[in-house]
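Read top to bottom, the protein sequences are chains D, E, R and L.
The first sequence begins at 330 in my numbering and counts up one residue at a time.
The second sequence begins at 75 in my numbering and counts up one residue at a time.
The third sequence begins at 85 in my numbering and counts up one residue at a time.
The fourth sequence begins at 244 in my numbering and counts up one residue at a time.
Where a beta carbon is used, it is the ideal one built from N, C-alpha and C, also for glycine.
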Amino acid sequence: MPRLRKAVALLLVVGLLVTLVGCGGKGQNAAKQVKSEDSIIRITEDWPVFIDPGVGSKFSDSIALVNTYDTLVFPKPDGSVVPHLATKWDILDNGLTYKFYLRQGVKFHNGDEVTAEDVEFSMNRLLKIGEGFAYLFTRDVAGVKALDKYTVEFQLKKPFGPFLQSLVRLYILNKDEVLAHIEKNGQYGEMGDYGKKWLLTHDAGSGPYKVKEVKMEEYVLWEKFNDYWGGWDPNAPKFFKLSGSVEPITVRTAMGRRELEITDELQPLENYKTMDKIKGVDVATFLNGHNLNLMLNTKKAPTDDVHFRRALAYCIDYNAIITSIYPGSALSKGPVPAVLPGHDPTIPFFKRDLAKAKEELKQSKYYGKLDQYPVSLSWCAEAPEEEKLALLIQANAAELGIKINITKKPFGSMMADAQKLETTPNASLVFVAPHYNEAGSILMSRYHSSSCGTWEQMEWLQDKNIDNMIEDALATVDVKQRFEKYAQVQKALYDLCPTIWLFDQAEKRAYQKDYVYWPTAERALKKEKGCLPMGYDQYVHDMKVYPEKRLALL
Amino acid sequence: MSENRIILEVKGLKKYFPIHKGDKTLFVKAIDGIDFEVREGETVGLVGESGSGKSTTAYCVIGMYSVTNGTIMFKGKDISCASSQRPLELKRDMQIVFQDPGTSLNPQHTIYKIIELPLKVHGLAKGREMRERIVQLLESVELPESYLYKYPRMIGGGERQMVAIARALATNPSFMILDEPTSSLDVSVQAKIINMLIKLQKEFNLSYLFITHDLSLMRNVATRVVIMYLGKIAEMAPTEIFFQSPQHPYTQMLLSSIPVVTKEEEELKPKKIKSQGEIPSPVNVPPGCSFNTRCPLAKPECFEKDPVMVQVGPDHFVRCNLFA
Amino acid sequence: MGINLLKRIGLSIFVLFGLSILIFIISRVVPGDPARLALGPRAPEWAVQKLRQEMHLDKPLYTQYVLWLDGLVHGDLGRSLVTRRSVTTDIKEFLPATLEIVILSAIVLVFGGIFLGIISAKFTNSWLDGLIRVISYLGIVSPAFVWAIIFVLIFGYNIPIFPTMGRLSPGVVPPPMITGMYTVDSLITGNFGTFVDAFKHLVLPAIALAMGGMAQAARITRSSMLDNMGKDYIAAEKAYGIPEGLIFVKYLLKPSLIPTVSVASLDIAALFGNAFLVELIFNYPGFSRYGISAMLNKDLNAIAGVIMVLGVIFVTINIIIDFIVAYLDPRIGLAGR
Amino acid sequence: MGDLVKIQDLYVWFRVYGGYMKVLNGVNFSVGKGEKVSIVGETGCGKTTTMKAILRILSSQAHIPKGEVLFEEKDILKMKESEIKRLRGRGVAMIFQDPMASLNPVFTIGDQLAAVISHSGVQDLDKEKIRQLSINALKEVKLPDPERILGSYPFQMSGGMRQRICIAMALATERALIIADEPTTNLDVTIQDQILALLRELVTKRGNSLILITHSLGIARENADRIYVMYAGNMVEVSNNEELFCNPLHPYTEMLLGCVPKLSGGGIAEGIAGRIPDYLNPPPGCRFEPRCPYATDRCREEKPDFVDVGNGHKVACFKYN
């Protein structure tokens, strides 16, 4: 009996060892030789990833589109745009007509040349489908027309100052290739499905990377497009892969195994700290033009009283927020994040000042009957950190005698609540991002009456004066004048205090500092001002990767 | 004896259990029309093999099973209804002791609690009285007071059965069903219990319906014996007469099968009939006389005609075609 | 047996029909506008409206059900809002991936569990038994995703011998689609290298997934073997001189496996649910992950499709296990005949 | 004369929490070739332990401090595994109390019979031969349609049929000794009668030795040549069949007989006061002493040995020496 027991134990141990060694052999013996597959940038991001410019608009889609397709103009961190597919352009009719002259000889991935017809087709397709980034254009664009092979003209319904900025979201598709892959029985009439099915897993772009493989729910893999008109640095990555998993443990392990170069921005704080400790891994922190707003319902008691709103604004401990809850973030100065072009730097920060808060409260009509007017506050269940914030605000407000009732809500419910004034709570914690990188985008989508009833404006401001100022600013084609007008709107809003701008959000991503050159991380290190539109920080063409340095880390 | 008052009267009692076999519904005829009565102060022995329906009869009488057909009269009241509709007073007056005291006593409760329960339910004792009454009940089954706080597992099988009897006595019943109370016990323990039951019967003027498969035990306990076979009564007679002149071939087979310890007993065993065959399943009761598959005296008519009960002597009834 | 099987299948279809109504109603009644969720908060209302029409969301519920059922009968489960493809296509792609894990996991669960249980019972109260029992306790109390995390850390990070992401290593070409299961397809096409690679990707997720059920099976096998060891028939078989080894592996094992198999069947069915977090951690594009992402995105057709397929799988597993139990335990098998 | 089995001064203890259960307390016992012997005793007196010792299938907690079990003059307790195996295969067969529990519920009767036959040590048995032997064994116990029974499972049989099958297994191959441990306890009296008659007939016909363990004095009387009465780990009395019932010597035997209800009536004795002793701390002298009305000081200190009162009638009680 004891002999058998020993034999079984031995069998178990040997079995385990054989498994370990047998399977481990390959990993350890892997030749320390650089292969071309090693020249790769791998990024994690949330799934799904839509690589169709007519469909995608989220973070992951943007990263894919930026690298697969070209646009007429290309954004700079300072908010300006530079020539890209278009070498130059004319703005005519007081900003109602834009005429672009295309670069000649630019090749699509299949070898076709990029022409004005492709631009016309791309804009029409986007408008017709109505999904993705179409919302940037549907309101203002009246039409588009290819004047000749290399000239294309856009007609606007009314002057729209930041039109050039919004064009970084018009990704140019190869018309012929898309038409060749249309499915007949679609919902777009003679255009069938407008190539939607084919473009789900294929690209028709001219960008620096061409789609090599799409594995649904897993990853998208791109390969360098050697004939890219923009040319190539010798150390530019040969491959680029976007993985659809953001599980902290998976991300961290992959970083440790050097199977991932840049992480997503959705990791918990703890995980960034852990990854920062891995040799050769650094965490890049940069402001991305998003900010967190405490939207106050200006039509509902007690937040309908400006003094009451200001009292709230003066009682919150902003420094505690940016040091312990959202480290790396910056204090907000007014409604527009400081990194966005058109931001007015003269607007002061909100500061915690209890004396001032009490003074404001005394002027409010609710003073003395605060207990009858509790404030309802919703936070977004998908962003768990917001709970700490909500509790902090609750505690701060309690010092003034203001009672806050906190509710956790899924974003879907928050969206539904925002549809009616009665159901919109007194206060809502919401992250806000610009549609295009300019102050006007935030001002329009946040405070113009047209956005009332959507999650982007739960203030229900409905102020004619503000509406007129915003419309006027946006219609101004001249940048300097436009920015001045933006500044006035920001000042006016600061006085109305419809929102408590809690902080400008910092985006965090861990990356392989030792063998990857990433321009955005470099800019963050140097604390350079400005930011790029969503997705452009991951423009792989400008990155560099050094596989031999990677091998040294293994 | 026969002038004593009738306590329990069972008439035409039937109990069928439906079983589903595929699409068909068959009936297990556990009891198929039986008549008997129990008189005051009497012990009626209900004897039969497993599957004869003797326990089912007990459960129908006590109300654990609803009755398919027929009537059960207890002290002149019809109690063929479901247990839940019986008055509490009736439940108090009629008690049952089960075969296996190991499972009929709650192992989590002390003996005190076990006996306390019926007293509480029927509101028979309160406060300090309660303890006194329980001790008194234990004394009546010859268990010392020290047993009050023991658990069933701490005492022997015989003693557990004593506790079960004490619990049954708690409500001062006049009628008790004893469902094979000693069949899982050794003879030395059985002797003690049987003697105690007899003593209690005299003391409290109890009537017993005593269910067993042991005829030699019946000889010493019962005043009247009822033999059941496949849901029907085969023979019924006062004990003395029964053992002197058993009439039914099945009764004779039973008697001849009993292992005995004295020559005297040997004499009493019928010699002509030997045990053969097994009791058929109550789902497939053979046509005619249900004993025909094992009966050494079966005639052709036994395979067609179900016999009726006939009286062959004073208080002696037999259900067999030989006597028709 | 044949008639019994047909009967069971007939009954199952009835059950699945009921299930289809239930899941359809549940999937449609959950709050939130699926079209809005699919197109994002900034999409213009007309585009959302168009999608609603396309999905028949503007029609009454029963019309929607009839249309959906009609599609179901024709093998068309509608279009997924997340992948923007036909749900049928998605299922064809993701189901084999998860089946691969679940099948391997079930094998580990059943055979591993029984093996450990036998060892434990054979050497009752030895250190080996103690070790197995401790592992079993851990296996039962820790959910599959905890094991997944532990395995990723140990075998992916500290001792990096197994891949921790995806179904194949980069650069390995997937085998041609036959069953959709990479390991099977690569073997069919004779591509052994791909098989090894695909198999290595399965090892950690499958074991992580199997741990709980395996521990359960081990415990049940152990206790039921110990229980049966005390039975008279084992004493009788010993008394008749049947070798102890044979008694152990044949006469003792078979009756002892009945409870194990019944419980294992539930555990195997539960694997599909537990697979979700495991697939997430191993970035494995499987059916469970697809199902959960469908629910999070209120991807109606995908939800209904996934539950429908799971329903069919559960019912099938149930039938299979019932027949295995009937084989092991003649009392059940014959009662059913 | 040639004793087939002879147990001499056998002690068997069981290791439990808190010490040893001293169950067998110097058992002396023998069975002659072709003899039918019965051991009678109440629950827990050590009958089954004695039989398990003969087959050496005691549980792993058992400990044998003293004694020997001779089978054909060889000590079973000192036998090697291979000898034990031969003994089990050819020498001894056992029939258990509960025929449901002693047949494996998930294998067919045929399978179980075949296993018993093929491990009986008889060489060169092919499948067909085993099948033939199985059928013969079933025919011998008067089971109808043996071929059908071979393919059936135990649960498809009635209790009586199952016990016939157990007997068939025991007698399927040639064995010197049959041990039947309460073979009819769970059966109805008519079936009990049939089974015992069958067992008696077959054993007599084949000239096997039989040890019939029972708690029923009646069964012992009708089926055995010689009867041992056992109490709390000791044989207290042994005698030829009729003698024991006409002239019981040991106080326990006498009282036990009084407790048996008689078909002839006459009431039942009061029973035996007290319980069997606690095996963890048994009385040092005669184990029946605490319940014995005749107990003396000597009984409290000394363990009585068998005294032969003539004609093979032995009793372990100080009353008789």
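The criterion of a C-beta distance shorter than 8 Å is not satisfied by Arg-329 of chain L and Arg-418 of chain L. Annotated three-state conformation of Leu-445 of chain L is helix, per DSSP. Annotation: the continuous beta strand (DSSP E) that includes Leu-625 of chain D extends over 610 to 625.
The contact set of Thr-286 of chain L on chain E, defined by CB atoms closer than 7 Å, consists of Asp-260 in chain order. Taking 8 Å as the upper bound for CB-CB distance, Gly-618 of chain D and Asn-503 of chain D are not in contact here, some 31 Å apart. Under the Cβ criterion (8 Å, minimum of three pairs), the region 343 to 354 of chain R does not count as touching the region 375 to 382 of chain L. Not a single CB atom of chain R sits nearer than 8 Å to the CB of Leu-683 of chain D. Taking Pro-526 of chain L as the centre and dropping the five residues before and after it, the same chain places the C-beta of Pro-520, Glu-532, Pro-533, Arg-543 closer than 8 Å to its C-beta, in chain order. Bounds of the alpha helix (DSSP H) holding Trp-527 of chain D are 525 to 528. Identification of chain D residues near Thr-248 of chain R by a Cβ-Cβ cut-off of 8 Å yields Thr-579, Thr-582, Ala-583, Arg-586, ordered along the chain.
With respect to Lys-738 of chain D, Ser-707 of chain D sits close: the two C-beta atoms are nearer than 8 Å. For the region 242 to 273 of chain R, the residues whose beta carbon sits under 8 Å from a beta carbon of chain D are, in order, Ile-243, Pro-244, Ile-245, Phe-246, Thr-248, Met-249, Gly-250, Arg-251, Pro-254, Gly-255. Pairing His-196 of chain E with Arg-166 of chain E, the inter-Cα distance amounts to about 7 Å. The shortest CA-to-CA distance from Ala-393 of chain D to any of D:Ala-583, D:Lys-539, D:Lys-526 is the one to D:Lys-539. Within chain L, not a single residue places a beta-carbon under 8 Å from that of Asp-281 of chain R; the smallest gap is close to 42 Å. Per DSSP, the unbroken beta strand (DSSP E) holding Ala-308 of chain E starts and ends at 306 to 312. Residue state for Thr-336 of chain E is assigned as coil, using DSSP reduced to three classes. Ranked by Cα distance from Ala-357 of chain L, the first of L:Lys-323, L:Val-552, L:Pro-342, L:Ile-392 is L:Ile-392.
Ala-423 of chain L has a beta carbon lying at 8 Å or more from every beta carbon in chain E.
One alpha carbon belongs to Glu-442 of chain D, the other to Lys-436 of chain D, and they sit about 5 Å apart. Between Arg-415 of chain R and chain L, the shortest Cβ-Cβ separation is below 8 Å. Contact annotation: in the region 505 to 516 of chain D, residues whose CB is within less than 8 Å of a CB in chain R are Gln-516. Within the DSSP bridge table, the entry for Trp-418 of chain D names D:Phe-429 as partners. Within the same chain, and ignoring the five residues on either side of Phe-339 of chain L in sequence, the residues whose Cβ sits closer than 6 Å to its Cβ are Ser-345, Asp-424. The region 452 to 460 of chain D makes no contact with the region 580 to 588 of chain D; the number of CB pairs closer than 8 Å stays below 3. Between Lys-680 of chain D and Tyr-647 of chain D a beta carbon distance of about 7 Å is seen, short of the 8 Å cut, so the two are scored as contacting. Put simply, the region 317 to 325 of chain L does not touch the region 508 to 524 of chain L. Fewer than three CB pairs are less than 8 Å apart. Shown here, Ser-154 of chain E sits in coil according to DSSP, grouped into three states, outside any helix or strand. Where Val-268 of chain R is concerned, the enclosing alpha helix (DSSP H) starts and stops at 266 to 272. Identification of residues in the region 155 to 182 of chain R having a C-beta nearer than 8 Å to some C-beta of chain D yields Val-166, Thr-167, Arg-168, Arg-169, Asp-174, Glu-177, Phe-178, given in sequence order. Not a single C-beta of chain E is nearer than 8 Å to the C-beta of Gly-289 of chain L.
Between the C-alpha atoms of Asp-419 of chain D and Ala-181 of chain R there is a straight-line separation of about 54 Å. In terms of Cα proximity to Gly-201 of chain R, the closest of R:Ile-175, R:Gly-395, R:Thr-305 is R:Thr-305. Measuring C-alpha to C-alpha distances from Leu-355 of chain R to each of R:Gly-370, R:Ala-302, R:Arg-415 identifies R:Gly-370 as the nearest. Separation of the CB atoms of Thr-172 of chain R and Leu-161 of chain R is rounded to 5 Å, and the pair is thereby assigned contact status at 8 Å.
Going by DSSP, Val-270 of chain L is part of the beta strand (DSSP E) stretching over 262 to 275.
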